[in-house]
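Reviewing the structure listed below.
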């Protein structure tokens, strides 16, 4: 079945540091890939997405490139801020999730803390 | 503004009691989902519905029930059969294959 593997957290960075959160996946066919962010006590918000190989999703200074050859979708940001402190989830939707369903398969999440 | 509304934000359950979590969306999405989130863990799918009057079990459906009588609404009932219901519950909707949009969640605790 489909699966998503994220780097274990927590990750603690100083403000203005470079961020990378690794994400690799296993899926049948050509999945769509997503990064979601969850701030404390809130639901998940879609951060960015990519639907085909070599697509780059970007939003709020975050970027991730769909790498089919390495089955990866790593999240990066050049300069993090305290307000970026949250839990980040990598996820995929595969057209082959079964019976025409559109279920998201999530990684376990990576908690990021940014200190001033 | 379109979105997903979950209520209540906090809910307490007594022993042997069923409780119902509300989820309403005005995004005109066909598909709706319920997830459970435990501390330090990812999201686990409880139930999903792709169309009105139809729903399917997810990975952890035991002890839960749902209904989908209207496109906009997908309530989740946590029954007394669910022995460990304390968790953060998230509702989501999607336009078919598109990305899922989430509500702000309901935190359920045991009295």
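Protein chains in written order, with our numbering: chain A, 1 to 116; chain B, 1001 to 1111. Quick reminder that beta carbons are idealized off the backbone N, C-alpha and C, glycines included. All values reported here derive from a predicted model rather than from experimental measurement.
Option nearest residue i by Cα separation, candidates the options
{"i": "residue 64 of chain A", "options": "A:32, A:83, A:40 and A:3", "result": "A:32"}
{"i": "residue 116 of chain A", "options": "A:110, A:72, A:17 and A:67", "result": "A:17"}
{"i": "residue 1080 of chain B", "options": "B:1020, B:1048, B:1007 and B:1010", "result": "B:1020"}
{"i": "residue 15 of chain A", "options": "A:81, A:75, A:111 and A:103", "result": "A:81"}
{"i": "residue 1120 of chain B", "options": "B:1016, B:1086 and B:1028", "result": "In this structure chain B extends from 1001 to 1111, so residue 1120 of chain B is not present and cannot be described."}
{"i": "residue 61 of chain A", "options": "A:28, A:42, A:79 and A:45", "result": "A:79"}
{"i": "residue 28 of chain A", "options": "A:43, A:75 and A:2", "result": "A:2"}
{"i": "residue 109 of chain A", "options": "B:1046, B:1041, B:1111 and B:1051", "result": "B:1041"}
{"i": "residue 20 of chain A", "options": "A:103, A:55, A:88 and A:105", "result": "A:88"}
{"i": "residue 1024 of chain B", "options": "B:1045, B:1076 and B:1037", "result": "B:1076"}
{"i": "residue 1099 of chain B", "options": "B:1016, B:1027 and B:1051", "result": "B:1027"}
Spatial neighbours of residue i in its chain, beta-carbon cut-off 7 Å, leaving aside the 5 residues before and after
{"i": "residue 52 of chain A", "result": "30 and 66"}
{"i": "residue 48 of chain A", "result": "35, 57, 58, 59, 62 and 64"}
{"i": "residue 114 of chain A", "result": "13, 15, 80, 81, 82, 84 and 85"}
{"i": "residue 39 of chain A", "result": "86"}
{"i": "residue 106 of chain A", "result": "4, 89 and 91"}
Cutoff 8 Å; reference residue i; Cβ partners in own chain excluding five residues on either side
{"i": "residue 99 of chain A", "result": "Confidence at residue 99 of chain A is low in this model, with a pLDDT of 48, below 50, so its placement is unreliable and the value that follows should be read with caution. Counting only Cβ-Cβ distances below 8 Å, and skipping sequence neighbours, we find nothing."}
{"i": "residue 1048 of chain B", "result": "1031, 1032, 1033, 1034, 1055, 1056 and 1058"}
{"i": "residue 1011 of chain B", "result": "1019, 1021, 1106, 1107, 1108 and 1109"}
(request) Would you check if the region 62 to 78 of chain A and the region 5 to 25 of chain A touch, i.e. whether three or more CB-CB distances between them fall below 8 Å? (result) In this structure the region 5 to 25 of chain A touches the region 62 to 78 of chain A; the number of beta carbon pairs closer than 8 Å is three or more.
(request) Evaluate the contact criterion for the region 1057 to 1077 of chain B versus the region 1001 to 1013 of chain B: three or more CB pairs, one atom per stretch, below 8 Å. (result) Judged by Cβ distances under 8 Å, the region 1057 to 1077 of chain B makes no contact with the region 1001 to 1013 of chain B, as fewer than three pairs qualify.
(message) Under 8 Å: do the region 1065 to 1081 of chain B and the region 84 to 92 of chain A share three or more Cβ pairs, one atom per stretch?
(response) Short answer: they don't touch.
(message) Beta carbons nearer than 9 Å to chain B: which residues of the region 24 to 37 of chain A have them?
(response) From the region 24 to 37 of chain A, only 32, 34 and 36 have a Cβ closer than 9 Å to chain B.
(request) State whether the region 33 to 50 of chain A contacts the region 8 to 15 of chain A, with contact taken as three or more CB pairs (one from each stretch) at a distance under 8 Å. (result) Counting Cβ pairs under 8 Å, fewer than three are found: no touch.
(request) Check distances from the C-beta atoms of the region 1099 to 1110 of chain B to those of chain A and list, in chain order, the residues that come in under 9 Å. (result) Only 1099, 1100, 1101, 1102, 1103, 1104, 1105 and 1107 from the region 1099 to 1110 of chain B bring a Cβ to less than 9 Å from some Cβ of chain A.
(message) Which complete beta strand (DSSP E) runs does the region 1026 to 1076 of chain B hold, if anything under 3 residues is left out?
(response) For secondary structure counted as the beta strand (DSSP E) over 3 or more consecutive residues, the region 1026 to 1076 of chain B holds these complete runs in sequence order: 1031 to 1037, 1043 to 1051, 1054 to 1057 and 1064 to 1066.
(message) At 3 residues or longer, what runs of the beta strand (DSSP E) sit wholly inside the region 14 to 74 of chain A?
(response) For the region 14 to 74 of chain A, the continuous beta strand (DSSP E) assignments of 3+ residues that do not extend past its boundaries occur at 19 to 21, 23 to 26, 32 to 38, 44 to 50, 56 to 59 and 62 to 65, in sequence order.
(message) Short of 9 Å Cβ to Cβ, which residues in the region 1040 to 1073 of chain B face chain A?
(response) Those residues of the region 1040 to 1073 of chain B placed with their C-beta closer than 9 Å to a C-beta in chain A are 1040, 1041, 1042, 1043, 1044, 1045, 1048, 1050, 1056 and 1058, ordered along the chain.
(request) Using a Cβ-Cβ cut-off of less than 9 Å, give me the residues of the region 1017 to 1030 of chain B that come near chain A, in sequence order. (result) Result list empty, no residue passes.
(request) For the region 66 to 93 of chain A, enumerate the residues whose C-beta is nearer than 8 Å to any C-beta of chain B, in chain order. (result) Considering only beta carbons, the part of the region 66 to 93 of chain A lying closer than 8 Å to chain B consists of 89 and 93, in chain order.
(request) Could you name the residues of the region 39 to 59 of chain A whose beta carbon sits closer than 9 Å to any beta carbon of chain B, in the order they occur along the chain? (result) Using a CB distance below 9 Å, the part of the region 39 to 59 of chain A facing chain B consists of 41, 42, 43, 44, 45, 46 and 49, ordered along the chain.
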